[in-house]
Amino acid sequence: MLTGVQVVLAGGDARQLEVIRRLTEQDASITICGFDRLETSFPGVVRAEWQPSVLRQADALVLPPVGTDDDGTISAIFTERELKLTDDFMDALPKSCKIYCGLAKTYLRKLAEKHHIKLVELFERDDVAIYNSIPTAEGAVMMAIQNTDITIHGSNCIVLGLGRTGLTLARTLQGLGAKVKTGVRGEDLFARAYEMGFEPFYVPDLARQTGNIDLLFNTIPNMIITAQVIAGLPLRAVIIDLASKPGGTDFRFAEKRGIKALLAPSLPGIVAPKTAGRIIANGLIQMLLEDDRQRGNAT
Ligand code: NAP
35 MLTGVQVVLA GGDARQLEVI RRLTEQDASI TICGFDRLET SFPGVVRAEW QPSVLRQADA
95 LVLPPVGTDD DGTISAIFTE RELKLTDDFM DALPKSCKIY CGLAKTYLRK LAEKHHIKLV
155 ELFERDDVAI YNSIPTAEGA VMMAIQNTDI TIHGSNCIVL GLGRTGLTLA RTLQGLGAKV
215 KTGVRGEDLF ARAYEMGFEP FYVPDLARQT GNIDLLFNTI PNMIITAQVI AGLPLRAVII
275 DLASKPGGTD FRFAEKRGIK ALLAPSLPGI VAPKTAGRII ANGLIQMLLE DDRQRGNAT
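In this note's numbering, the protein residues as written are 35 to 333.
This is the structure we're talking about:
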């Protein structure tokens, strides 16, 4: 249990509601900021204005999965007010407090480093990223269905990157009856892809693999779907780029060529906020329990 652990939750979307619910079940002391338009009530949870003083006793500051944007703004859909994480707030945090988010941008990393506050990125944990790949793959399938006039069954798909997200997506597409090619860079993943019944190729060969493709999914967070690759795609092809912003596609050239190319961020929060929130909450609670054990308080 997290009895006596002080958690401040700032901003976020429907996923954070599940996090609040799960932290309440664990008996944490919770203060939420940026939820003034939320009608759901959480017994025992304190609602507060976003100001430095709310952080003075915090053991953990929980930010939305994206952390902050590049100027410190914390996205918060349940308020009209702006929430920003700036030096004043960091000064108010006890040095033992940790900041939790999904994946941090440079602004947040630098701010935490400057103030000697530990930043924990939950999506760097393999278990969290793998669980999270399930709603991500379902979201990618949803986008494919919405943006094509063919079935996924029988379609020719490429999945670029066979990491935690790519592997789940490739297997999901295969399960739906698609013919799946996978772009990898390592010989081990090439062999694994072959063993799993995909048609593997090395990413530098991408431009030679696209002649008959209906759906091109990317999970590699680098410029990979270049103008040269796009030039070789059939006009019916749809690119669905899952990699974190700005994605790995030359969107300008895709538009010029008349090929539909979509950047698809935050799919778990869109297609399955409750499941996505539960995944975040499970990872977060494990880490908070571990922190509490180290402080010698856990029951
Ligand atoms: P991951 O497990 O690290 O997988 C990334 C894969 O890309 C790895 O297999 C890696 O190959 C490969 N890769 C990286 N650079 C490459 C390059 N230059 N050439 C060839 N292959 C390369 O990461 P993940 O958890 O799957 O996440 C992938 C991306 O999706 C991230 O940007 C993440 O933020 C994003 N994401 C988006 C959503 C969404 O809703 N859109 C949800 C979850 C994750 P090696 O194994 O050889 O290193």
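Even glycine gets a Cβ: it sits at the ideal position worked out from N, Cα and C.
Everything numeric in this text was worked out from a predicted model, so none of it was measured.
Check	Outcome
May I ask you to report which of helix, strand or coil DSSP gives N181?	coil
Is it right to say E229 is buried, meaning 16 or more other beta carbons lie within 10 angstroms of its own, or is it exposed?	exposed
Would you mind giving the Cβ-Cβ distance between K215 and Q243, rounded to the nearest angstrom? I have them listed as a contact below 8 Å.	6 Å
Over the uninterrupted alpha helix (DSSP H) stretch that includes L89, give me the two end residues.	Where L89 is concerned, there is no enclosing alpha helix (DSSP H), given that its DSSP letter is neither H nor E.
On a CA-only basis, which of G101, G136, T140 and K148 is nearest A122? Give me that one, please.	Inspection of the sequence shows that residue 122 is occupied by Asp rather than by Ala. Of the listed residues, the one whose Cα sits closest to D122 is K148.
Identify every residue that forms a DSSP beta bridge with P234.	T216
Could you tell me whether the Cβ atoms of T283 and I314 are closer together than 8 Å?	no
Just checking V175 against the ligand NAP - is the residue's beta carbon closer than 7 Å to any of the ligand's heavy atoms?	no
Give the single residue among T74, Q262, A306 and P302 whose Cα lies nearest to the Cα of F287.	Q262
Can you check whether the CB of S278 is closer than 8 Å to the CB of P299?	yes
With a floor of 4 residues, list each alpha helix (DSSP H) that falls wholly inside the segment 137-170, ordered by position along the chain.	140-148
Is DSSP giving N316 helix, strand or coil here?	helix
Measure the alpha-carbon distance for A138 versus P99 and round it to whole angstroms.	8 Å
Can you name the start and end residues of the alpha helix (DSSP H) that V53 belongs to?	A48 to E59
With three or more C-beta pairs closer than 8 Å as the rule, is the segment 162-171 touching the segment 194-203?	yes
Does the segment 179-197 come within contact of the segment 315-330, defined as at least 3 CB pairs closer than 8 Å?	no
For the beta strand (DSSP E) that contains D275, what are its first and last residues?	V272 to D275
On the DSSP letters alone, give me the boundaries of the beta strand (DSSP E) that K132 sits inside.	K132 to C135
In whole angstroms, what separates the C-alpha of R71 from that of T65?	15 Å
Roughly how many angstroms lie between the CA atoms of N190 and V218, to the nearest whole one?	17 Å
Which of the three DSSP states, helix, strand or coil, is assigned to R81?	strand
Could you check which residue in R143, G195 and I164 has the C-alpha nearest to that of G106?	R143
Hey, how far is the Cα of V53 from the Cα of D275?	27 Å
By a C-beta neighbour count over all protein chains shown, 10 Å radius and 16 as the cutoff for buried, is P234 buried or exposed?	buried
For Q91 and chain C, any beta-carbon pair shorter than 8 Å?	No chain C appears in the structure shown, which is made up of a single protein chain.
For F287, report the span of its alpha helix (DSSP H) as first-last.	F285 to R291
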